[in-house]
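Peer 1: One gets our numbering by counting positions in the sequence shown from 1 and adding 93 to each.
Cβ atoms here follow ideal geometry from the backbone N, Cα and C, with glycine treated the same way.
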Amino acid sequence: MSAEATVEGLAKELSSYLDTHRINQVRRAYYYAEQAHEGQMRRSGDRYITHPLAVAHILADLKLDHQSLMAAMLHDVIEDTGIPKDALSDQFGDDVAELVDGVSKLTQIEFRSRAEAQAENFQKMTLAMARDIRVILVKLADRLHNMRTLGPMPYEKRQRIANETLDIYAPIANRLGMHSICTELEDLGFASLYPMRSRYISKAVDKLRGSHREIIDEIRGKLQEKLEERGLPGRILGREKHLNSIYNKMKFKQKSFHEIMDVYAFRIITDTEDDCYRILGAVHSLYKPLPGRFKDYIAMPKANGYQSLHTTLFGMHVNIEVQIRTEEMEHIANNGIAAHWMYKNEPSSVTSVNQSRVDRWVKGLMEMRERADDSLEFIEHVKVDLFPDEIYVFTPKGKIMELPSGATPVDFAYAIHTDIGNATVACRINRNLGSLSQPLQSGQTVEVITAPGARPNPAWLSFVVTGKARSSIRHVLKNQKRAESLELGKALLKKSLKGFGTSLSKIGESQIEAVVRHNQVSSLDDLVSEIGLGNRMAYLVARQLVSGAEEDADTAPQVPSEGSPVTIRGTEGLLVRFASCCKPIPGDPVVGVMDSGKGMMIHSDTCSRLPDDNDGRARLTHLKWAKDITDEFSVELRLELERQRGVIAEVANAVAMADGNIERINVEEQNARLGVVSLVVHVNGRRHLARVMRRIRNIRAVTHINRVRH
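#1: Is there a Cβ from chain B that is less than 8 Å from the Cβ of T404?
#2: For G282, which residues of its own chain have a beta-carbon under 6 Å away from its beta-carbon, when the five flanking residues on both sides are left out?
#3: Tell me whether R417 is buried or exposed, calling it buried when 16 or more other Cβ atoms sit within 10 Å of its Cβ.
#4: At 3 residues or longer, what runs of the beta strand (DSSP E) sit wholly inside the region 346-376?
#5: What's the C-alpha gap between A765 and V748?
#6: Whole angstroms is fine: what's the gap from K348's alpha carbon to N427's?
#7: In terms of alpha-carbon separation, which member of D310, L570, L167 lies closest to A358?
#8: Determine whether the beta carbon atoms of H150 and L111 lie at a separation below 8 Å.
#9: How many Å lie between E97 and I142 at the Cα?
#10: Is it right to say E762 is buried, meaning 16 or more other beta carbons lie within 10 angstroms of its own, or is it exposed?
#11: Let me know the secondary structure DSSP gives L734 once reduced to three states.
#12: So which of V728, I722, H696, F726 has the shortest CA-CA distance to L713?
#13: Using CA atoms only, rank isn't needed, just tell me which of E495, M694, T419 is closest to R386.
#14: With a CB to CB cut of under 7 Å and the five nearest residues on each side skipped, what residues in its chain are close to G778?
#15: Are there three or more Cβ pairs, one per stretch, closer than 8 Å when the region 152-171 is compared with the region 114-127?
#16: Does M134 pass the burial test, meaning 16 or more other C-beta atoms within 10 Å, or should it be called exposed?
#17: What is the rounded straight-line gap between the Cα of G408 and the Cα of V376?
#18: What residue range does the beta strand (DSSP E) around V659 cover?
#19: Which residues in the same chain as V148 place their Cβ atom closer than 6 Å to its Cβ, once the five residues preceding and following it in sequence are excluded?
#20: Helix, strand or coil for Q416 per DSSP?
#21: Does the separation of the CB atoms of Y125 and Q184 fall below 8 Å?
#22: Out of A751, R757, I789, T796, point me to the one whose CA is closest to G768's CA.
#23: According to the neighbour-count rule (16 or more other Cβ atoms, all chains shown, within 10 Å of its Cβ), is E540 buried or exposed?
#24: Can you tell me which of L286, R360, E277, L152 puts its alpha carbon nearest to the alpha carbon of Q252?
#25: On the premise that Y340 lies in contact with R290, defined as a C-beta separation below 8 Å, what is that separation, rounded to the nearest angstrom?
#26: For I542, list the residues DSSP reports as bridge partners.
#27: Using 10 angstroms around the beta-carbon of N525, count the other beta-carbons present and answer buried if the total reaches 16, otherwise exposed.
#28: Just reading off the alpha helix (DSSP H) that L146 is part of, what are its end residues?
#29: Under 8 Å: do the region 574-581 and the region 619-627 share three or more Cβ pairs, one atom per stretch?
#30: Are the beta-carbon atoms of V557 and R548 separated by less than 8 Å?
#31: For the alpha helix (DSSP H) holding T113, just list the boundary residues, first then last.
#32: Buried or exposed: which applies to Y248, given that a residue is buried once 16 or more other Cβ atoms fall within 10 Å of its Cβ?
#33: May I have a chain-ordered list of the beta strand (DSSP E) segments no shorter than 3 residues that lie completely inside the region 759-791?
#34: Measuring CA to CA, which of S273, T488, V785 is closest to H424?
#35: What are the boundary residues of the beta strand (DSSP E) that F671 is part of?
#36: Quick check on P486: does DSSP put it in helix, strand or coil?
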């Protein structure tokens, strides 16, 4: 068959989803490439143009847009024929020229075994993908055709290309959700690297399939019967086991060939998401499901956009794996990001989510590239990202827990039980103390350390990745905030009522009900809680309680006399915070400023950030410290000292001798002889601070010391 006939064959295939004008542009690109490659031959003896045409056929199967197909036709023109990029721009437009240039640059990349060169090249690939994801799609199709025609290549080149395919291109196809291209690349790479093993497994599969034909047909018949009985639409396909995946399971999971092949795999394709769940119910009524083997990737898609229901059943004395998905999910499972172009005219929620996922991934690659200190570190990040979506870790008793990639010990704790998550205070990873925020790696043993009465830390929300952990933490914090706002609100209301010379117990029920109604809340507790959150003024509510609900702010008499200050301990939790500007400590005269919805911020009463007008000052809450505070508070000190060897060690030692704790130490040079040191220390009050400062002042080199208040 002549090349012209095959380009017409391609045009016929394209007519199913492209208009005539676009098909003609693809045709024009073909004739241009044919002319440019005139006289060039492939190693197989075919004319060179057969390769770009085959690549375009692969992309047409994926229903890619006309520009990608044009780039497929022209992808070797810049490199092999010396035609410049500008000439392509003039002929076919900037977009196509950019795509061709991007693919050419990727083709020049050789992923040598030297890790450094491989990593640098991967960075180039990332840049090309970030500019236009279609570059990598054309490159994958190019690589797939090269792998299909690898035979005539010299042995060394075959090995290098096969290794590169398994290391780089197949995982990228997988990450982009392109399952059909990924598995073909893997099987071709495997057959090229290990021809004997590949042939052996292939023969064994064929032999087994022949002997299992009856069981397969019987299971399929029963599944079909069950669907018809329930009136559910669905076509049932047998699922092939791929050679490379069989080999990897034998190698890495230490499973025998018969263990792997004794599982009968089926896929049921149906119309709607709703049907998927109905079919799941139907197959579970036919055969018993194996516990712990059901996965709902429809509700929780994999990172590459894959969606399906997976279940393993036990029937006919064998295990039966069933995947259930819609036609669209099937298309996306096989073609991944390429499905985006098929649905471009009628975008669905699935494809747009898939598209944004890939955009996020490529953007993440770009950010990693900027953050990585060197290209080796970058490729390490990428390899973690390219491979599994899940990680598997062990409990101390050896139970395996499956978590999403990026999960932390806190996610692990909540996966075991909500109560364990809530009471977590520390963890051990492989028997060593680890950070609660560090992402776990597959294979680690994780032990969670809990303490009675411990509560989740709001900071956990910034690093947990599982929905269970996130919702559990939020739930506890909400309840904690409510309890704390109630307690703080009661203290503030009590103080304000005292200023009016009364207390809550002396106010009648009807009066309280009238005030609650007037403020449009459902109970007194809600009103008190609003005071604690800083959404209402305690003295206004107190005045309403004393003089009647209708009293309002406009007719307010002067603020009542101060009464006794509210006592604070410094450990009130979420709703009492200490200002970072003046860093107050026990013993300092302090006042509270209510911050709407967030509770009270405590400032030193000389802080420059406090309001200086009378009205603003009147709204401050006067506070006093409880007597027995043992908690630590941060204080910033500024030291001027003569620069000499060991002086910083002397300062650190002096703080330690006074039972202080150094949080941060920062040396700012003034000149060669004198220096300024900024020091943040933890103390539990003014007396303790005085002791720390006295110790530091006794160092001969220190010329001046003072407490810093911004």
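Peer 2: Walking through what the data contain:
#1: In summary, chain B is missing from the structure at hand, where a single protein chain is found.
#2: Closer than 6 Å at Cβ, skipping near neighbours: A255, T258, L259.
#3: For the sequence presented, residue 417 should be read as Ile rather than Arg. I417 sits buried, since 16 or more C-beta atoms from the chains shown fall within 10 Å of its C-beta.
#4: Scanning the region 346-376 for uninterrupted beta strand (DSSP E) segments of 3 residues or longer gives 356-363, listed from N- to C-terminal end.
#5: About 25 Å.
#6: Distance from the CA of K348 to the CA of N427, rounded to the nearest whole angstrom, comes to 27 Å.
#7: If we check each option's Cα against that of A358, D310 comes out closest.
#8: Taking a C-beta distance under 8 Å as the contact criterion, H150 and L111 do not qualify as a contact pair.
#9: Note that E97 has pLDDT 48, beneath the 50 cutoff, so the model's placement of it is unreliable and the number below is only indicative. Going by the C-alpha atoms only, they are around 11 Å apart.
#10: Residue environment: E762 is assigned as exposed (fewer than 16 neighbouring CB atoms within 10 Å of its CB, all protein chains considered).
#11: Three-state DSSP puts L734 in a strand.
#12: Out of V728, I722, H696, F726, the CA that lies nearest to the CA of L713 is found in H696.
#13: In terms of Cα proximity to R386, the closest of E495, M694, T419 is E495.
#14: Counting only Cβ-Cβ distances below 7 Å, and skipping sequence neighbours, we find I678, P679, G680, I722.
#15: In this structure the region 152-171 lies against the region 114-127, because at least three pairs of beta carbons, one per stretch, are closer than 8 Å.
#16: Burial is judged here by how many other beta carbons sit within 10 angstroms of a residue's own beta carbon; M134 has fewer than 16 and is exposed.
#17: Computed Cα separation, rounded: 11 Å.
#18: Per DSSP, V659 is one residue of the beta strand (DSSP E) stretching across 659-661.
#19: If we look at V148 and ignore the five residues flanking it on each side, its Cβ neighbours are A165, A234, D235, H238.
#20: Looking at Q416 - three-state DSSP - the assignment turns out to be strand.
#21: Yes.
#22: Taking G768 as reference, the option from A751, R757, I789, T796 with the minimal CA-CA separation is T796.
#23: The residue in question, E540, is buried, as its Cβ has 16 or more Cβ neighbours within 10 Å.
#24: The residue with the shortest Cα to Cα distance from Q252 is L286.
#25: Taking a contact as a CB-CB distance under 8 Å, the pair R290 and Y340 counts as one, their CB atoms being some 6 Å apart.
#26: Paired residues: A519.
#27: Here N525 is exposed. Its C-beta has fewer than 16 other C-beta atoms within 10 Å.
#28: That run of the alpha helix (DSSP H) goes 143-154.
#29: Yes, since at least three Cβ pairs between the region 574-581 and the region 619-627 fall closer than 8 Å, the two stretches touch.
#30: At least 8 Å separates the beta-carbon of V557 from that of R548.
#31: From DSSP, the alpha helix (DSSP H) with T113 extends over 113-129.
#32: By the C-beta density criterion, Y248 is exposed, having fewer than 16 other C-beta atoms within 10 angstroms.
#33: As for any beta strand (DSSP E) of minimum length 3 sitting wholly inside the region 759-791, the runs are 767-776, ordered along the chain.
#34: The option with the nearest alpha carbon to H424 is S273.
#35: Per DSSP, F671 belongs to the beta strand (DSSP E) from 669-671.
#36: Sequence check: residue 486 is Val here, not Pro. Three-state DSSP puts V486 in a strand.
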